[in-house]
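Enquirer: Same order as they appear, the protein sequences are chains A and B. Sequential numbering of the first sequence, starting at 70, is according to the working numbering. Sequential numbering of the second sequence, starting at 291, is according to the working numbering. My questions will all concern the structure given below.
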Amino acid sequence: MSTRLAQVFERCRAQGRAALVGYLTAGDPNPQQSRELLLTLAAHCDIIEIGMPFSDPMADGPVIEAASVRALAAGTHISDVFELSRVVRQVNPDMGIVLMGYANVPFAMGFELFSERAAAAGVDGVLIVDIPPEEGAICDAAFKAHALDRILLLSPTSPDERIRLACDEGSGFLYYVSLTGITGADMGDINDIRSKVAHIRSLSGMPVCVGFGIKTAAQAAEVAAFADGVVVGSHFVSQIAANSDADAALEALDASAAAMQAATSGFQLEA
Amino acid sequence: MSLPQGSLDHPLYHFDISHAPDAGGHFGRFGGRFAAETLMQPLKEIEEAFYAAWADPEFHRERLDLLKNYVGRATPLYHAERLTKLTGGAQIYLKREDLNHTGAHKINNTIGQGLLARRMGKKRVIAETGAGQHGVATATVAALFGMQCDIYMGREDMARQMPNVLRMRLLGANVIPVDSGSATLKDAVNEALRNWVATCEDTFYIFGTAAGPHPYPLLVRQFHTVIGQEARAQILEQAGRLPDVAVACVGGGSNAMGLLHPFRDDADVRLVAVEAAGYGLDSGRHAASLAAGTAGILHGNLTFLLEDAEGQVIPTHSISAGLDYPGVGPELALMLEEGRLQLDAATDDEALAALQQLTRCEGIIPALESSHALAAGCRLAAGMRPDQIMIINLSGRGDKDMDNVFKHLGWLEDGK
Ligand SMILES: Cc1ncc(COP(=O)(O)O)c(C=O)c1O
């Protein structure tokens with residue numbers, strides 16, 4: 070299995086902070102701009118999640134769905150996803166890189182070839198929203214053969230048996246979805262999230278990252294106080310949507326990523 | 291799986307589950323439960339509730355009572371003699387699902403799932419709809435059971451099925467327009483799933499066809515097998531033997547599985563699935579996922595999909611909103627691979643012609659979806675002998691399609 074993700078969490082733990090996990094959709098708003106945007110975000114993050122655009126992103130809210138639409142309309146192909154990953158890896162030899170998306174894209178390529186190309190591009194792990202542990206037979210062998218971690222999700226509806234299943238079948242880290250809903254919705258109650266994360270920890274030795282709905286630095290800081298990692302997606306993607314000018318988008322993303330980085334590092338911040 | 295011995299003998303229906311998927315909901319290499327983690331537990335709860343209900347005679351008593359006294363089952367099997375003469379081949383029998391309450395087969399399923407929702411204590415139901423028939427059938431059951439109801443419908447489909455939109459509203463349902471993607475059925479499913487992820491605690495998703503994540507393909511099939519079980523008994527009574535061919539149109543596969551499944555083990559009965567060929571299979575503008583699709587994963591199951599080489603789902607086209615879907619039920623995919631299913635297709639124009647033909651020669655106005663089965667069925671029947679028998683599933687009536695049909699016929703221009 071990939072040890073790079075493990076090293077990221079060890080490093081963060083040693084520094085007494087949570088990992089910042091940033092998401093952008095590959096190719097949003099087009100493959101050229103996406104390259105600069107991903108590099109800008111990566112500079113502030115410990116792990117970057119690179120979204121593979123899909124025509125039917127059923128678990129995503131309007132913000133990330135629109136990113137998929139922009140990326141596909143701009144002619145983003147799966148080869149661009151790998152190329153963008155390679156570029157991020159080249160500049161950031163130690164950071165974690167996770168590909169995130171829906172089953173049909175890797176399935177269409179074939180999981181074996183997909184895994185080979187992902188590993189060659191420097192990817193550490195893969196998170197497929199619609200492949201639960203039960204359907205792992207379709208991808209597990211290929212991921213293992215190419216030392217890719219299989220990141221699994223847990224949600225407020227996951228009972229203990231599913232938490233144990235995710236611990237057994239997943240690797241790298243566990244991704245706790247902080248709300249019953251789609252990406253970009255409002256974050257759930259912080260006390261509920263804290264106690265659920267503590268409960269997951271009691272059943273598993275794996276790092277637990279929390280995401281879906283974290284939009285402000287204050288929320289990120291609250292979650293960073295108890296989680297191993299804080300995932301920010303829609304908030305970063307919305308910087309692209311809000312700025313049609315390429316430089317303005319880069320600046321806005323840089324500023325919001327810096328604020329999130331500060332928040333997860335335990336620095337004092339304004340709400 | 292079956293009911294306790296002798297607990298519910300019924301002259302027409304039987305309750306065993308044959309050709310069941312594996313424990314994970316796989317039909318061969320198809321099907322399964324490719325769902326987001328948040329939905330895994332709710333899906334499992336529905337699966338458990340379904341198996342418990344299916345083994346409970348009380349559930350079937352209640353369901354069959356509603357199907358009889360509320361829906362109007364059994365629906366007739368009608369020997370269409372004038373259509374048969376006009377076609378000049380096999381004897382054509384029509385399974386009259388158009389005579390069900392709300393005008394299509396869809397209500398067989400919504401009665402079943404509505405009862406499940408009530409057993410599970412859910413206060414709200416949601417559904418996707420394409421033609422609006424499933425939406426109307428869901429809104430109807432919600433009214434009957436006093437549940438809150440939200441229906442997701444592509445804006446494109448709302449425009450072509452306006453009468454059904456208004457019926458749903460009259461029934462007290464909230465119709466939510468979906469603008470994403472192609473603003474048709476697949477996008478309505480996406481939006482319904484997004485809502486369900488956030489509301490699964492108190493909401494039951496009444497899925498409208500024999501597709502989606504496990505257990506939907508199984509339970510939708512089981513709720514619709516009343517169609518084929520009746521047809522089987524009726525043809526034996528009327529003709530003294532089984533049909534040579536059974537024909538149904540395919541959107542996701544619910545009316546097809548309903549008619550065809552009970553004939554599956556009758557090796558001499560040919561099972562024909564008719565897909566929407568839109569502007570023609572060669573045009574690239576159609577919805578024939580079995581004929582022209584490749585294996586893929588969408589909406590919770592592995593099946594045949596209309597997609598590009600990189601797994602992006604491609605826009606479909608059909609004149610009928612109910613067939614305008616890029617996927618198909620996983621069990622039909624398996625039956626096709628096993629050679630148990632014969633494929634056919636009908637274009638928009640052929641369906642329109644079949645609609646007019648049946649209307650003129652039998653006085654029955656079929657739904658555009660069902661007109662696809664009629665078009666292909668009659669073509670096949672023409673090549674058969676008069677001593678042969680074909681059953682065509684008349685899955686719904688055409689009232690909802692009138693505006694759309696008149697528009698295509700040019701009757702709405704300058705007051706002609
Ligand atoms: C009358 C009628 N027939 C057929 C269909 C297609 O669905 P299915 O393939 O699930 O039967 C629909 C869908 O809306 C319909 O309304």
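The C-beta atom is built at its ideal place from N, Cα and C for all residues, glycine as well.
Tell me the DSSP secondary structure of B:G464 in three-state form.
Expert: The question names Gly, but residue 464 of chain B is Asn in the sequence shown. It is a strand residue.
Enquirer: Could you pull out every residue in the same chain whose Cβ sits closer than 7 Å to the Cβ of B:A585, ignoring the five residues on either side in sequence?
Expert: L592, F594, listed in sequence order.
Enquirer: Quick check on this structure: which residue in B:Y368, B:L596, B:F317 has the alpha carbon closest to the alpha carbon of B:I382?
Expert: When each option's Cα is compared against that of B:I382, the closest is B:Y368.
Enquirer: Between the Cα of B:R531 and the Cα atoms of B:D677, B:G321, B:P332, B:L626, which residue gives the shortest distance?
Expert: Answer by Cα proximity: B:D677.
Enquirer: Is A:L168 close to chain B? Criterion is C-beta to C-beta, closer than 8 Å.
Expert: Taking Cβ atoms only, chain B never reaches closer than 8 Å to A:L168, which makes this a no.
Enquirer: Given this structure, state the Cα-to-Cα distance separating A:L217 from A:A188, to the nearest angstrom.
Expert: Roughly 7 Å between the two C-alpha positions.
Enquirer: Are there 16 or more other CB atoms within 10 angstroms of the CB of A:G144, so buried, or fewer, so exposed?
Expert: With fewer than 16 other Cβ atoms within 10 Å, it is exposed.
Enquirer: Within its chain, find whatever has a CB closer than 6 Å to the CB of A:E339; leave out the 5 residues flanking it on each side and keep chain order.
Expert: Its pLDDT being 42, under 50, A:E339 is placed unreliably in this model, and the coordinates cannot settle the point.
Enquirer: So, using beta-carbon positions, are B:A563 and B:L631 closer together than 8 Å?
Expert: The answer is yes: Cβ separation under 8 Å.
Enquirer: Given this structure, state the Cα-to-Cα distance separating B:T637 from B:S308, to the nearest angstrom.
Expert: Roughly 33 Å separates the two Cα atoms.
Enquirer: Could you please give the first and the last residue of the uninterrupted beta strand (DSSP E) stretch that includes B:H369?
Expert: Run containing B:H369: 367-369, per the beta strand (DSSP E) assignment.
Enquirer: List the DSSP bridge partners of B:H316.
Expert: Paired residues: B:G321.
Enquirer: What separation, rounded to the nearest whole angstrom, lies between the Cα atoms of A:L272 and B:L302?
Expert: So the two alpha carbons sit approximately 52 Å from each other.
Enquirer: Give a yes or no on contact between the stretch 136-152 of chain A and the stretch 549-559 of chain B, applying the rule of three or more CB pairs nearer than 8 Å.
Expert: No, the stretch 136-152 of chain A does not touch the stretch 549-559 of chain B.
Enquirer: Would you list, in chain order, the members of the stretch 232-254 of chain A that have their beta-carbon closer than 7 Å to a beta-carbon of chain B?
Expert: Answer set for the stretch 232-254 of chain A: V246, T249, G250, I251, A254.
Enquirer: Taking Cβ-Cβ distances shorter than 7 Å, what residues in chain B pair up with A:P228?
Expert: Here the neighbours are Q331.
Enquirer: Under 8 Å between the Cβ atoms of B:R575 and B:D492?
Expert: For B:R575 and B:D492, no; Cβs fall outside 8 Å.
Enquirer: For B:K413 and chain A, any beta-carbon pair shorter than 8 Å?
Expert: Chain A contact via Cβ: absent.
Enquirer: For the stretch 254-316 of chain A, which segments carrying the beta strand (DSSP E) assignment without a break, of at least 3 residues, lie completely within its bounds, in sequence order?
Expert: Fully enclosed beta strand (DSSP E) runs of 3 or longer: 277-280, 298-301.
Enquirer: Mind checking whether the beta-carbon of B:K697 lies closer than 7 Å to any heavy atom of ligand 1?
Expert: Because no heavy atom of ligand 1 lies under 7 Å away, the Cβ of B:K697 does not count as near it: no.
Enquirer: Please find out if some non-hydrogen atom of ligand 1 comes closer than 7 Å to the beta-carbon of B:G541.
Expert: B:G541: yes, Cβ under 7 Å from ligand 1.
Enquirer: Please confirm whether A:E152 has its beta-carbon closer than 8 Å to some beta-carbon of chain B.
Expert: For A:E152, the answer is no, since every Cβ of chain B falls outside 8 Å of its Cβ.
Enquirer: Under 7 Å Cβ to Cβ from A:L110, same chain only, skipping five residues before and after it: list those, please.
Expert: Once the five neighbours on either side are set aside, the close Cβ partners of A:L110 are G91, L93, I117, F305, L322, A326.
Enquirer: Quick check: the Cα distance between A:M70 and A:A289, rounded to an integer number of angstroms?
Expert: Because the pLDDT of A:M70 is 49, which lies under 50, any placement of that residue in the model is unreliable, and the number read from its coordinates should be weighed accordingly. If I take the Cα positions, the gap works out to 29 Å.
Enquirer: When the Cα atoms are used, what is the spatial distance from A:N161 to B:G617?
Expert: Each residue's alpha carbon lies about 41 Å from the other.
Enquirer: With distance defined between alpha-carbon atoms, name the residue in A:N173, A:P98, A:A75 nearest to A:A311.
Expert: Among A:N173, A:P98, A:A75, the Cα nearest to that of A:A311 is on A:P98.
Enquirer: Is any beta-carbon of chain B found at less than 8 Å from that of A:E204?
Expert: For A:E204, the answer is yes, since a Cβ of chain B falls inside 8 Å of its Cβ.
Enquirer: Report yes or no: is there a C-beta of chain B within less than 8 Å of the C-beta of A:N99?
Expert: No, A:N99 does not count as interfacial toward chain B.
Enquirer: Would you say A:L196 faces chain B, with C-beta separation under 8 Å as the test?
Expert: It does not; no Cβ of chain B falls within 8 Å.
Enquirer: Closest by CA to B:G314, which one among B:F305, B:A666, B:E338, B:A665?
Expert: When each option's Cα is compared against that of B:G314, the closest is B:E338.
Enquirer: Distance cutoff 8 Å, beta carbons only. Does A:E134 sit that close to anything in chain B?
Expert: True, the Cβ-Cβ gap to chain B drops below 8 Å.
Enquirer: Suppose the cutoff is 7 Å on Cβ atoms and the five residues either side in sequence are ignored; what does the same chain contact list for B:Y615 look like?
Expert: Cβ neighbours of B:Y615 beyond the five flanking positions: G420, L475, K476, G541, G542, A577, T606.
Enquirer: Is it right to say A:F78 is buried, meaning 16 or more other beta carbons lie within 10 angstroms of its own, or is it exposed?
Expert: Counting Cβ neighbours within 10 Å, A:F78 comes out buried, since at least 16 surround it.
Enquirer: Spatial neighbours of A:G239 within its chain, please: CB distance less than 6 Å, with the 5 preceding and 5 following residues excluded, ordered by chain position.
Expert: Correct list, in chain order: R219, L221.
Enquirer: Report the neighbours of B:A599 on chain A: residues whose CB is nearer than 8 Å to its CB, in chain order.
Expert: Near B:A599 (Cβ distances below 8 Å), the residues of chain A are A177.
Enquirer: Could you tell me how far apart the beta carbons of A:A254 and B:A326 are, in whole angstroms, since I believe they sit closer than 8 Å?
Expert: About 13 Å separates the two Cβ atoms, so there is no contact after all.
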